[in-house]
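J.: I'd like to ask some things about the structure below.
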Amino acid sequence: MYESLREANKNLLYSYQKLEEHDAMEKEFINLAAHELRTPSQSIVGYSEMLKVLPKRNKQYEEAISRNAERLYSLVTNMLSIARIESQTMKLNKTIFDLNIKIDNVIKDISQQLELRTANKVEIEFKPIGKINITADKEKIFQVFTNLLNNALKFTNQGTIIITAKQKEKTNQAVVMIKDSGPGIDPEIIPHLFTKFKAKSEKGLGLGLYISKNIIEAHHGKIEAYNNPNSKGATFVVTLPLKG
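Position 95, counted from 1, in the sequence shown is what the working numbering calls 80; the numbers after and before it change by one each time, with no gaps.
Structure representation (structure tokens):
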């Protein structure tokens, strides 16, 4: 009986520690999210107020408003995704579509944002190999590749980001690789790269990769990352079943 009580006490202590950790993470999430939302919101308000008093349109201010509105939209989308993942209420609306067209749409959207950068020295190359029809949630797949490409751009100040997409006939899988020319991934971070908050930096909350992993795994796929062995930067690899 003593052993049973000791084991029960041990389990209770473990559960209590886990609850404390979860509570601390929730508080950290709220604080970080509030900070991240406040920055673009203040910029939008500030530039809007300046536009009111200017006699003529100002392209620089208008572009700043557009850029911060896009950032705000992305943050809100990711936070809603986190809520659905954590509450296990994420649903997939699967349809058949061409994966290459969806990736190309992501690139076009992000390229428009790149044009607003005054010091844009980054190019995006897309190298699809054949048509890839998959069965998946079109909007969530769009969100995944938007997160991954934005992540590559955060850490690539100049050079080229190369995206390749191909279909593996033998395994009925689609494989997409995003290779950047940034500084690479800190080896200490790699084991925790897709864990919520673990990969956060001065450039973001570290939620995009966590969300992407959950979406890809919900499609019975896989996502991984590694540093490029013979060049600068890192490569992210997404593997998806054609009929997820």
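Yeah, the Cβ is synthetic: ideal placement off N, Cα and C, and Gly gets one too.
Are at least three pairs of beta-carbons, each pair with one atom in the region 195 to 210 and one in the region 59 to 75, less than 8 Å apart?
T.: The region 195 to 210, when compared against the region 59 to 75, does touch it at the 8 Å Cβ threshold.
J.: Report the residue from Leu138, Thr120, Thr141 whose alpha carbon sits nearest the alpha carbon of Thr80.
T.: Numbered from 1 along the sequence shown, position 95 holds the residue referred to as residue 80. Minimum Cα distance to Thr80 is reached at Thr120.
J.: Indicate the three-state DSSP secondary structure (helix, strand or coil) for Pro172 in the structure shown.
T.: Residue mapping note: residue 172 aligns to position 187 of the sequence shown, counting from 1. The answer is coil: DSSP assigns Pro172 none of H, G, I, E or B.
J.: Let me know the secondary structure DSSP gives Leu60 once reduced to three states.
T.: Here residue 60 refers to the residue found at position 75 of the sequence shown. Three-state DSSP puts Leu60 in a helix.
J.: Terminal residues of the continuous alpha helix (DSSP H) containing Phe221?
T.: The sequence position of residue 221 within the sequence shown is 236, counting from 1. That residue, Phe221, is in no alpha helix (DSSP H); its beta strand (DSSP E) goes 219 to 226.
J.: Who does Pro113 pair with in a DSSP beta bridge?
T.: One-based indexing of the sequence shown puts residue 113 at position 128. DSSP output for Pro113 lists Ala150 as bridge partner(s).
J.: Between the beta-carbon of Thr145 and the beta-carbon of Glu110, is there less than 7 Å?
T.: The sequence position of residue 145 within the sequence shown is 160, counting from 1. The sequence position of residue 110 within the sequence shown is 125, counting from 1. Yes, the pair counts as a contact, with Cβ atoms nearer than the cut-off.
J.: Go ahead and label Ser216 buried or exposed: buried means 16 or more other beta carbons lie within 10 angstroms of its beta carbon, across all protein chains shown.
T.: Position 231 of the sequence shown, counted from the start, is the residue given in the question as residue 216. Classification for Ser216: exposed.
J.: May I ask which residues mark the beginning and end of the alpha helix (DSSP H) holding Asn132?
T.: The residue given as residue 132 occupies position 147 in the sequence shown. First-last of the alpha helix (DSSP H) with Asn132: 123 to 139.
J.: DSSP three-state label for Glu187, please.
T.: Counting from 1 along the sequence shown, the entry for residue 187 is found at position 202. In this prediction, Glu187 scores a pLDDT of 46, lower than 50, which makes its location untrustworthy; no coordinate-derived value is stated.
J.: Rounded to whole angstroms, what is the Cα-Cα separation between Leu190 and Glu48?
T.: Here the question's residue 190 lines up with position 205 in the sequence shown. Here the question's residue 48 lines up with position 63 in the sequence shown. With a pLDDT of only 49 at Leu190, under the threshold of 50, the placement of this residue in the model should not be trusted; the figure read from the coordinates follows. Looking at the two C-alpha atoms, the distance is approximately 24 Å.
J.: In angstroms with no decimal places, state the Cα-to-Cα distance between Pro226 and Ala159.
T.: Sequence index remark: in the sequence shown, residue 226 carries index 241 (1-based). Sequence index remark: in the sequence shown, residue 159 carries index 174 (1-based). Answer to the nearest angstrom: the Cα atoms are 6 Å apart.
J.: Count the CB pairs spanning the region 111 to 118 and the region 79 to 99 that are closer than 8 Å, and state whether there are at least three.
T.: Yes, since at least three Cβ pairs between the region 111 to 118 and the region 79 to 99 fall closer than 8 Å, the two stretches touch.
J.: Within this structure, are the beta carbons of Thr220 and Lys164 separated by less than 7 Å?
T.: For this step, residue 220 is matched to residue 235 along the sequence shown. For this step, residue 164 is matched to residue 179 along the sequence shown. Yes, the Cβ-Cβ distance between Thr220 and Lys164 is below 7 Å.
J.: In this structure, how does DSSP classify Gln45 when only helix, strand and coil are distinguished?
T.: As a position in the sequence shown, residue 45 is number 60, starting the count at 1. If DSSP states are grouped into helix, strand and coil, Gln45 belongs with the helices.
J.: Between the region 161 to 178 and the region 124 to 138, do at least 3 Cβ pairs fall closer than 8 Å?
T.: Enough Cβ pairs lie closer than 8 Å, so yes.
J.: Using C-beta distances below 7 Å, list every residue in its chain close to Leu192, excluding the 5 sequence neighbours before and after it, in chain order.
T.: For the purposes of this step, residue 192 is taken as residue 207 along the sequence shown, with counting starting at 1. Contacts found: Asn63, Ile67, Lys181.
J.: Any C-beta of chain B sitting closer than 7 Å to the C-beta of Gln97?
T.: Structure shown: chain B not included; a single protein chain is present.
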